[in-house]
Structures are given as C-alpha cells and as structure tokens.
Amino acid sequence: MDVRKVTESLLLSGIKRKLAQWGISREISFSVEIPRQEEHGDYSTNAAMQLARHLGKKAREVAMELVEAIREEDEKGWIASLNVAGPGFINIVLSDHAWREVVATVLRKSERFGSSETGKGTRVLIEFVSANPTGPLHVGHGRGAAVGDALSRLLSFEGYEVATEYYVNDVGNQMDKLGRSLHVRYLQECGIAADLPDDGYRGEYLAALARDFRREEGERYAGVPEEEALPVFRKVACDRILDGIRMDLNDFRVGFHNWFREESLHREGGVSEAIEELEKRDLLYRSEGAVFFKSETHGDEKDRVLVRADGRTTYFAADVAYHRRKYLKGYDRMIDIWGADHHGYAPRMMAAMRGLGEDENRLEILLVQFVTLVRDGKAVQMSTRSGEFTTLREVIDEVGVDAARFFYLLRSFHSHLDFDLTLAKTQSSENPVYYIQYVHARICSIFREAGSRGVFLSDNPHLSSLSLPDEVKLMKKVARFPDVISEGARQREPHRIPFYLLDLSREFHAFYQNHRFLGEAPERTQARLALAKAVKTVVSNGLSLIGVSAPESM
RNA sequence: GCCCCCGUAGCUCAGGUGGAUAGAGCAGCGGUUUCCUAAACCGUUUGCCGGGUGUUCGAGUCACCCCGGGGGCGCCA
38 MDVRKVTESL LLSGIKRKLA QWGISREISF SVEIPRQEEH GDYSTNAAMQ LARHLGKKAR
98 EVAMELVEAI REEDEKGWIA SLNVAGPGFI NIVLSDHAWR EVVATVLRKS ERFGSSETGK
158 GTRVLIEFVS ANPTGPLHVG HGRGAAVGDA LSRLLSFEGY EVATEYYVND VGNQMDKLGR
218 SLHVRYLQEC GIAADLPDDG YRGEYLAALA RDFRREEGER YAGVPEEEAL PVFRKVACDR
278 ILDGIRMDLN DFRVGFHNWF REESLHREGG VSEAIEELEK RDLLYRSEGA VFFKSETHGD
338 EKDRVLVRAD GRTTYFAADV AYHRRKYLKG YDRMIDIWGA DHHGYAPRMM AAMRGLGEDE
398 NRLEILLVQF VTLVRDGKAV QMSTRSGEFT TLREVIDEVG VDAARFFYLL RSFHSHLDFD
458 LTLAKTQSSE NPVYYIQYVH ARICSIFREA GSRGVFLSDN PHLSSLSLPD EVKLMKKVAR
518 FPDVISEGAR QREPHRIPFY LLDLSREFHA FYQNHRFLGE APERTQARLA LAKAVKTVVS
578 NGLSLIGVSA PESM
C-alpha cells in the first residue's frame, strides 16, 4: 500500500469521469505533490489549472466540479477533506486511517518496505571507481565508490537486475611507467643507485611494495637487464596494487560482480573488432600515419585517434571496445560513473556508440564532482607532484566506514564536496550519521525495555489510537519513504536517502521527547510500539541502501 | 576561446515532472533530565535564491546572455 499511489488513482478516476462527461478525450497531464505549506493539505493537484485552458473556463470553477467527482469516487472515506484554494489548486487532506495503514504496511513488508519495483525486468550495468591500478584509492575515488555502490543498492531495491563492474586499465603507457618505477625502487632496495624517471610514480606505496618484493624474492632481479625484468615488475606492481584496491573497497563495503581487465579485451580481439566495425561503417580515416575516428560528425568537438602512428591503440580505442561489449551483452541501461575531470570524454564515447549503430540513450554517464577534505575549517592540502594524496584508507581509518560513506552521500554528486573530517569524526549528536543511527538504537532500546517489562508487540496490533497530531506527523514522514526511493532511483540521486533519513530522525527524536511508548494504556502502547517498529524499519532500510550500519545500541 | 558542474541564511548545503508565504544542519544566544539512552529536545536571529532578459496563469526550478568559483579541452589514462 502506497499512500501516494492510492491517492493518485483516486484523483485520476474522478478526473477521468469528469473528462468523459465533458467529452474530452485527450490526455491531460497534471501533478500531485506534497505542498510546502502544511495548511495546503497532505497532497495537492494542479489538475484544474491544467484543464482550464482547454475548457476555456475559470480554473477555480473547474476545480469545484472535479472536487465533486472525486468525492463520489471515494467510497472508503480515504479522503478527509477536499477543497479548492489559491488560483485553482485542489488540496487534499487524508483521513488518519489512511496513515495508519502505512504503519500496517511497513510491519507487513518489513525490509521490502519502500520498494515500488519500478525497475522490474530492466537489466542495468553500473560501472564505477575503475581507478587505474597505479596507486591506492584516494578520497576522490571514495566518492565514486560510495555513490556507485549506493546507486547499485538503490536500483536493486527498486527491482532492477543490477550488475556492477570495475574496469581495470592494466595495459598501456601508465603500466610501463609503473613497472619502471617499481623496478627503480627495487634496485634502490638492493643498494643499487637508480633514479625514478621524471614521469615515474613517486609515492611511498611503491617503495613499500619494493621492500616486500625484495624480501620475498631476494636480489635475483638486481642483475637482470631492465627490458627483461620489466614484465615481471609491471605485473607485480599492477596485481599488488589491485589487491590493495580490492581490500580498501571491501573494507568500505563495496563489492563488484566483475573486475573487467582491459588486457582481456586486447587478448580476445575485442579492440580490433571494434575498430573493424567502425571501419565497416566508413567512420575511420588515416592521417599522418594514425587512424582517426570521425567523432566530430557525431557531436564531438574533433576527431579522435584510435590507432597511433606507431601502431599501438589508444586508451580510447579500448574503451570503445569495452562499451561496445556492454551493448553486446544486452543490458537495457548502462551507467558509467566518472570523475568530473573525465567529462570531455563523454561526447566521444557517445559518438562512438552512435557510430556503432547503438542507441546512445541507453548509456548514462554520471559525472561526480571533486572532493576537498576539510579539517578544522581548513582545506587539507594535497600534493599532486609527490603523488601523495590522502587515501581512502586514511579517511576510513580516521572517521570509520559509516561516517565516511554517509558524508560522501550527503551532497548531490553534481556538487563539489567539502568533506568535513572534523565533523565526521565527532562522536556526538552533531554528527548527522550518529543522529540517525541513534534513532535505530533508541528504538531497539525501547523494545529491550518492553521485553523486560513483559510487553511485546502483537502480530496484528490495533492502530486506531494513533490519532494525536504528533503521531500523524510521524506516520506521514514514514509514508514518504517509498517516494524518496523511487524518485532517487529514477533520478540516480542516492543523496536523497540521507536527507530523508535526517528529516525522519528529527521527527522521531522530537516525538520521543514529548511522548512515551511504554507505560501507556495497553492498546495505546501497542499502537505506539507499532509506530516505533515502523520507524525503525524505515531507518534500517534506508541506512542499508547507503551501506551504513544500523546499530542496536550506542 | 570552447565544454561540464556549481552560485540559495554568517558557514556547509537541500529544494520531485515549474506551483501557493524558500528550508535544514552547523555556528551564535537562551532554556529543558526523578522518566523507554541528554549521542536527545525546545525557543531565538538570518535571504535582491549571483545579475539581466524571456517563456507562462505561475520561475530558486525552464531558455538565452553576462558575472564569479571549480574542473576539462593530448597520438596520456
């Protein structure tokens, strides 16, 4: 039972009947929304205003007539009052028992409450993080991980068949540089003078990796010529760094169905197939020894190289092949989550997909904006030159996984994020994540206390005593959860969840302050416990969608 | 120069497919505990929604222009 849907269908059937009377066959679009002002009712529709222009009547008159028709549809007394306001809005107030049914629904659906199954039958592939295995994940990757993982959970919850994938760029220039850098570090460990190339990876993590490698393998690679040793160092560096990334993500509660290796794409001929396919469609040409893709004709600002003059393919060529493969796998939707610095890349990818004859609208590229760490009100400086970024690992160690995930999702990913380490670390109510978790812990505590008093919530509690304004307010807040979920999923905006949870938590804490759950008359106690259970369920469901734990005590 | 994101209270940010009198947290000030967890609650101050033009019954929301901040414009990834 979804309050909004029931209300909408009631309005719709009333309006349809009226339209039939007026002999209007065309569809009209109207909105049903929750007004900002409480006095404007629980829901409000602009249907009369939308209709007025077609009828040549005054909106308020149309509204009056619609109200009559809707009243006649409402046989069960779902609606408490309907009235016309302002320029022609129809304001709807639902009766209390409508809200009580929400509580009953939450108890019945439990961990499934909130899902509208809007994604049923849709297969979606979400690719995120996909950081190059040249160093540990930093705070920016953390945001992509938090957003991608939450979106995956959200879409799964909404009934989508979700697969998640991490694309590993384990081929190319940067892998050579990485191998060379590790080799130099290794030689240094062996006491042999060697200098990192100017464009080498300078991070401490590689020196540490070299130490490990020397401990395990001794100095048997010290005398091997560089070109011979390189493949070994390249592989060791890549594999170990990737293991580290996997562990970081695992500890961050982020897992992938598939780790897709770029290398496999080359090995299995995917890259040359993609190039041939474009060739067949006459979308390639040669210039100065290189092979160009005519992306400009497909909306890109200029043509792009697929094969360099020296015969090696570009990263772009592999990425085209990779995305072509996604289409071949038959996903209905493909979502890429990229850092904002890659935005210029989106048009050429779209161009390539269109060039291959695919529907580029099935590919969505979400650009996640940058993260600035803030400590004690000041930005934490990060040095690109030394290769020393603040890592995701450091952030997790400092503030914990729950706070880290929560803070990453506390902003729309379209916006730049100031990540306040000081606040995230604070173990008090000032910290929004604990504020929400405390609701869960508090309710668990109520049930523990109830149990010790021999009071238990019955399977089918009477809810009719839930009628105080504060009770109704809380029920209304609970009722919004399915809306937040379906809109969040539709718009790909997981940040709506933490915002909603904060809202619900405020409502609950205020209620807790002013009312008691235990020690009331038996029927009232049962009803209050049912309400508490409903809030607990929604908090728990919401937190699980963003990968944050719901503690039983704090 | 071109492209993407952002510009809303002192600070950090929310503001469903355009709706009626624009919100929260933090910061500031002042209160609340014989109680199911005070990791809580209540009160109080705050706005040219960057600026302009347009679209319309109605614009923080849509279109265009300008200003400001961040990012991107490689045969790097």
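In terms of my numbering, the first sequence opens at residue 38 and continues consecutively. Glycine included, every Cβ here is placed at the ideal spot set by N, Cα and C.
| Item | Value |
| --- | --- |
| Locate the alpha helix (DSSP H) running through residue 489, then write down its first and last residues. | 469-489 |
| First and last residue of the alpha helix (DSSP H) that includes residue 59? | 40-59 |
| How many angstroms separate the CA atom of residue 528 from the CA atom of residue 374? | 14 angstroms |
| Only counting the same chain, and skipping five residues up and downstream in sequence, which positions put a Cβ closer than 6 angstroms to that of residue 142? | 38 |
| What are the uninterrupted segments assigned as beta strand (DSSP E) that are 3 or more residues long and contained completely in the stretch 109-191, given in chain order? | 116-122, 126-131, 160-164 |
| Beta-carbon separation of residue 69 and residue 135 under 8 angstroms? | no |
| Quick test of the definition: if touching needs 3 or more C-beta pairs under 8 angstroms, does the stretch 191-210 touch the stretch 149-164? | yes |
| Counting along the chain, where does the beta strand (DSSP E) carrying residue 295 start and finish? | 295-298 |
| Looking only at its own chain, which residues have a Cβ that is under 7 angstroms from the Cβ of residue 293, when we skip the five neighbours before and after it? | 201, 202, 203 |
| What's the gap between the Cα of residue 377 and the Cα of residue 510? | 40 angstroms |
| Does the beta-carbon of residue 542 have 16 or more other beta-carbons within 10 angstroms, so that it is buried, or is it exposed? | buried |
| According to DSSP, is residue 562 helix, strand or coil? | helix |
| From 78, 71, 76, 102, pick the residue whose C-alpha is nearest to that of residue 85; which is it? | 102 |
| Which residues in the same chain as residue 448 place their Cβ atom closer than 8 angstroms to its Cβ, once the five residues preceding and following it in sequence are excluded? | 454, 532 |
| So what does DSSP say about residue 525, is it helix, strand or coil? | helix |
| In this structure, how does DSSP classify residue 415 when only helix, strand and coil are distinguished? | strand |
| With burial defined as no fewer than 16 other Cβ atoms inside 10 Å of the residue's Cβ, what is the status of residue 575: buried or exposed? | buried |
| Spell out a yes or no on whether the stretch 303-313 and the stretch 340-358 are touching, meaning 3 or more CB-CB pairs, one atom from each, closer than 8 angstroms. | yes |
| What does the Cβ neighbour count give for residue 417, buried or exposed, with the cut at 16 atoms within 10 Å? | exposed |
| Considering only the alpha carbon of each residue, which of 553, 537, 121, 252 lies closest to residue 443? | 537 |
| Go through the stretch 269-308 residue by residue and report every complete run of the alpha helix (DSSP H) that reaches 4 residues or more, in order. | 299-304 |
| Are three or more beta carbon pairs between the stretch 146-158 and the stretch 258-268 nearer than 8 angstroms? | no |
| By alpha-carbon positions, which one of 478, 285, 233, 223 ends up nearest to residue 247? | 223 |
| Classify residue 421 as buried or exposed, calling it buried when 16 or more other Cβ atoms lie within 10 Å of its own Cβ. | Annotation note: pLDDT 49 at residue 421 (below 50); position unreliable, coordinate value reported separately. Classification of residue 421: exposed, given that the 10 Å Cβ count is below 16. |
| Among the candidates 588, 580, 364, 104, whose CA atom is the shortest distance from the CA of residue 183? | 580 |
| Tell me the DSSP secondary structure of residue 81 in three-state form. | strand |
| Is residue 429 near residue 178, with beta carbons less than 8 angstroms apart? | yes |
| Which ranges does the beta strand (DSSP E) cover as unbroken runs of at least 3 residues, wholly within the stretch 347-421, from first to last along the chain? | 370-376, 400-405, 408-412 |
| Just to confirm, are residue 557 and residue 499 a CB contact at a threshold of 8 angstroms? | no |
| So, with DSSP's three-state summary, where would you put residue 327? | strand |
| Under the three-state reduction of DSSP, which class applies to residue 530: helix, strand or coil? | coil |
| When you compare only the Cα positions, how much space is there between residue 544 and residue 74? | 17 angstroms |
| If residue 477 and residue 332 are in contact, beta carbons under 8 angstroms, what's the gap, nearest whole angstrom? | The Cβ separation is near 50 angstroms, so there is no contact. |
| Does DSSP put residue 518 in a helix, a strand or coil? | helix |
| Mind checking whether residue 93 and residue 405 have CB atoms under 8 angstroms apart? | no |
| How far does the alpha helix (DSSP H) with residue 334 in it reach, from first residue to last? | Per DSSP, residue 334 belongs to no alpha helix (DSSP H) and is neither H nor E. |
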